[in-house]
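Numbering (the numbering used here), first residue to last: 63 to 202.
Here a beta-carbon is modelled for each residue, glycine too, at the ideal position from N, C-alpha and C.
From a predicted model like this one, the values you see are computed outputs, not experimental measurements.
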């Protein structure tokens, strides 16, 4: 079962809610995670069950990063606001770095998110098995 995390900066939350609502059928039955407010807003308008972490600035990005480091996530949809400075930018950078280290795809805009969700719908995420084969070891 795929494990997906949703994160959205304040000015992107409505866009995230609309996106997840549009693809609710794809996300149904998957294991879903989110930072606090984003997850609540999604659950308010869908039938999806989402494990919510803290708000991003209060540690939620780091909690999701912990799942990445433990190889417990398959995809992150992180709608970032590139025009607004974020007080927790170091946490965001660390999360994106972990995704690169562990081969976790991250959509940081709606166009990329749609491509990845369509791939899920087609069953194209089998390649994740290869990522597990070549994941970094503790000795490296």
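Residues of the same chain with a CB within less than 7 Å of the CB of residue 122, apart from the 5 flanking positions on each side, are 97, 98, 115 and 116 in chain order. Contact between residue 137 and residue 70 is absent: CB atoms are separated by about 15 Å, not below the 8 Å threshold. The continuous beta strand (DSSP E) containing residue 67 extends over residues 65-70. Taking 8 Å as the cut-off, the beta carbon of residue 124 is found closer than this to the beta carbon of residue 153. Counting only runs of at least 3 residues, the region 115-185 fully encloses the following beta strand (DSSP E) elements, listed from N- to C-terminal order: 137-141. Looking at 179, 131 and 113, the one whose alpha-carbon comes closest to that of residue 156 is 131.
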